[in-house]
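Notes for the one structure printed next.
Protein chains: 4
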Amino acid sequence: MSTILIGYYSRTGNTKAMAQEIGRGAQEAGATVDVKPVEKILVESLTEYHAIVLGSPDYYGSMAAQVKKLLDDSVKFHGQLAGKVGGGFSSSANIGGGNETTILSIVQALLVHGMVVPGVAIGDHYGPVSINAPDERVLRQCRNYGQVIAKLAAAVAHMAK
Amino acid sequence: MSTILIGYYSRTGNTKAMAQEIGRGAQEAGATVDVKPVEKILVESLTEYHAIVLGSPDYYGSMAAQVKKLLDDSVKFHGQLAGKVGGGFSSSANIGGGNETTILSIVQALLVHGMVVPGVAIGDHYGPVSINAPDERVLRQCRNYGQVIAKLAAAVAHMAK
Amino acid sequence: MSTILIGYYSRTGNTKAMAQEIGRGAQEAGATVDVKPVEKILVESLTEYHAIVLGSPDYYGSMAAQVKKLLDDSVKFHGQLAGKVGGGFSSSANIGGGNETTILSIVQALLVHGMVVPGVAIGDHYGPVSINAPDERVLRQCRNYGQVIAKLAAAVAHMAK
Amino acid sequence: MSTILIGYYSRTGNTKAMAQEIGRGAQEAGATVDVKPVEKILVESLTEYHAIVLGSPDYYGSMAAQVKKLLDDSVKFHGQLAGKVGGGFSSSANIGGGNETTILSIVQALLVHGMVVPGVAIGDHYGPVSINAPDERVLRQCRNYGQVIAKLAAAVAHMAK
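Residue numbers (the working numbering), protein chains in the order written: chain W, 1 to 161; chain E, 1001 to 1161; chain Z, 2001 to 2161; chain H, 3001 to 3161.
And the structure:
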């Protein structure tokens, strides 16, 4: 049984709705899931999970400062997240507005931690993206992404350090 | 005469030293320069400059949350920075440690603002990078970058809105 | 009067249609424009333009090999494009499918050349993106982008080397 | 036992030397390894491996057109590489010259394929980078990266599709 943290920053509720749907997908695939706003995540708790997925609205093409702060603070545990599974998602107001680069700013941070990041062959490749409120397409992407993360977390949990 | 803001976040002094040298280069090219830590930059002041250059240590592959906060707050003036010149620089502890992606996180934010960003054909292409304390090579890159920014700011200042 | 090259690779015609509309916008802003498939662009001709804009379908998150080949071959003229204006655009089959990273692969190449790249404050920030065939929204983005490029090319043409 | 393909494009021999050292690390960790220039890789063979690692010199901030061509051609097998392990490495002539963005262009392509990509907590985070010929530091990074890839490939090989 793998445990997954889905952290998000959300003012309009769009990114939060995505987080919840990713959580649903991960649960369907057998994981235990915590869905939390980044402001309520204790940085000490990060090491307890098999997978960490972070979501942010697209603010100037990368994650919101609030999400970045959590990652900056996580330097205290640098090395201890290596080999865990990571992922990202984002929501934006525009199609070419920075959704992909926002996810990649999260993915890059997780790679720096030595985490393992999956892509998605069919759908939103780097992680789910929403334009404004998540519609059916986005929710489907989110549910599928939760399953991808959960399966990978289960497989990687057995990896020798 | 163009005016340039060089903002930085620095704990060790490495990014600050780079900021000062970029400032020197820009002054040599005829610009009026303010070099300031991001914590002391009033977001209202951003619209007063012809060019804005931001530097950050490489924290998990993108700009520090402190720098990101300034950019997130700048949304109040979205549209008013369009056509101004922008640039970025960063310092890291490692060669493959995220210096380039840190600069690009800054560059992408400035492009979202509609700013104009120059590359550098000979040297650090996306903006100056330092591994630990800036050495002679880095300072030369910084001085040159300051000149590139200043020349471009002067040219673009005459651009019709 | 500035001269602008708009190069594209297109199999379905979507990226070509975007190229033509960017060309239209640039002409409206007073530029002389050549719109050409990358296979027909002589690498020697790149130095003749004030601005170079390249478009590609999104193939695995970056520009098509055919577009990359032109850029790789342009190394013969490295340094001679510095200070010129550059830009990118792309078309994809999916919303989160790599459009932004495709444009950024082009933008990064042009920054390595020392070129000057504008963002867009209102609209597709890094350059125009289309999901499948360009619709009204996309064509408007393209026309506007052509104008942004043309104005910047005119301003930068007067920049002292 | 996992099987790993390490593909590279190399004119000076620098990227080739990196490929061979990554191969050595992967073999030490128990994998069967093929190290091949991309020109000699049959696109049909990609589906046979548990992991695919691609290396390129940094040409204008992303992978060489020769490497990109292999990835573009791999669209015939889109979906069949999902869940496999992927990685990238690069060599450049300059510190701030595009090494990181070159690796990320590879990593993004592998994520689009739905592959699983590991970062490195201590060392070159996105994959090994060399400035000119690989020195002791680089070779150590490469050997370690080969081990990271091999361990992950073994863990992921058991993942249910």
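Backbone N, C-alpha and C fix where the C-beta goes; we use that ideal spot for every residue, glycine too.
What you are looking at is a predicted structure, and each value in this text was computed from that prediction instead of being measured.
Count the CB pairs spanning the segment 3054-3069 of chain H and the segment 3098-3113 of chain H that are closer than 8 Å, and state whether there are at least three. yes
In terms of residues, what are the limits of the alpha helix (DSSP H) holding V3120 (chain H)? Looking at the DSSP string, V3120 (chain H) is not in any alpha helix (DSSP H), and its letter there is neither H nor E.
Name, in chain order, the residues that DSSP records as bridge partners for D3034 (chain H). H:L3005
S105 (chain W): first and last residue of the uninterrupted alpha helix (DSSP H) it sits in: 99-112
Evaluate contact between the segment 2078-2090 of chain Z and the segment 3072-3086 of chain H, counting only Cβ atoms and requiring at least three cross-stretch pairs below 8 Å. no
Verify the CB distance criterion: does G2061 (chain Z) have a CB-CB separation below 7 Å to chain H? yes
Taking a contact to mean a Cβ-Cβ separation below 7 Å, would you say I1004 (chain E) touches A1026 (chain E) in this structure? yes
Got a sec: is the Cβ-Cβ distance from H2125 (chain Z) to anything in chain E below 7 Å? yes
Straight-line Cα distance separating K36 (chain W) from L152 (chain W): 21 Å
Counting C-beta neighbours from all protein chains within 10 Å, is the total for A155 (chain W) 16 or more, i.e. buried, or is it exposed? buried
Please classify G2092 (chain Z): does DSSP put it in a helix, a strand, or coil? In the sequence under discussion, the amino acid at residue 2092 (chain Z) is Ser, which differs from the Gly named in the question. Looking at S2092 (chain Z) - three-state DSSP - the assignment turns out to be strand.
Taking only runs of the alpha helix (DSSP H) that begin and end inside the segment 1055-1081 of chain E, which ones reach a length of at least 4 residues, in chain order? 1065-1073
Return the CA-CA distance between N1132 (chain E) and C1142 (chain E), expressed in angstroms with no decimal places. 14 Å
Closest Cβ-Cβ distance between G222 (chain W) and chain E: below 7 Å? There is no way to answer for residue 222 (chain W), as the model of chain W reaches only from 1 to 161.
So with CB distances below 8 Å, who are the chain W contacts of K1040 (chain E)? Ordered by position in chain W, no residue passes the 8 Å Cβ test against K1040 (chain E), which lies about 17 Å from the chain.
Under 7 Å between C-beta atoms, does D1135 (chain E) make it to chain B? Considering every chain present, this structure includes no chain B. Its protein chains are W, E, Z and H.
Close beta carbons around G1061 (chain E), own chain, < 7 Å, minus the five adjacent residues each side: G1098, T1101, T1102
Which bits of chain H does G2098 (chain Z) rub up against, with CB to CB less than 8 Å? Q3108, V3112
Would Y3059 (chain H) and D2073 (chain Z) qualify as a contact pair, given that the criterion is a beta-carbon distance under 7 Å? no
For R1024 (chain E), I'd like the list of residues in its chain whose CB is within less than 7 Å of its CB, leaving aside the five on either flank, ordered along the chain. R1143, G1146
Decide if K2076 (chain Z) is buried, meaning its Cβ has at least 16 other Cβ atoms within 10 Å, or exposed. exposed
Quick one: list the residues of chain H neighbouring A51 (chain W), beta-carbon separation under 7 Å, in chain order. Residues of chain H passing the Cβ test: none, with the nearest at roughly 12 Å.
Can you pull the chain H residues whose beta carbon is under 9 Å from the beta carbon of L152 (chain W), in chain order? G3083, V3116, V3156, M3159
Consider the Cβ of A1029 (chain E): report whether some Cβ of chain Z lies at a distance smaller than 7 Å. no
So, helix, strand or coil for I2041 (chain Z), using DSSP? coil
Helix, strand or coil, according to DSSP, for A51 (chain W) in the structure here? strand
Grab the span of the beta strand (DSSP E) containing S3130 (chain H) for me, first residue to last. 3129-3131
If we count the other Cβ atoms within 10 Å of its Cβ and call it buried at 16 or more, is G3030 (chain H) buried or exposed? exposed
So that I know if they touch, is there some Cβ in chain E lying closer than 7 Å to that of T12 (chain W)? no
Less than 7 Å between the beta carbons of A51 (chain W) and Y9 (chain W), yes or no? no
Return the CA-CA distance between S91 (chain W) and E1136 (chain E), expressed in angstroms with no decimal places. 43 Å
Identify whether G25 (chain W) lies in helix, strand or coil by the three-state DSSP scheme. helix
Which residues of chain Z have a Cβ atom closer than 7 Å to the Cβ of L3071 (chain H), listed in chain order? Y2060
Around the C-beta of E3021 (chain H), are 16 or more other C-beta atoms found within 10 angstroms, so that it is buried, or is it exposed? buried
Tell me, please, whether the CB atom of S3092 (chain H) is closer than 7 Å to any CB atom in chain Z? no
Beta-carbon separation of V2116 (chain Z) and V1148 (chain E) under 7 Å? no
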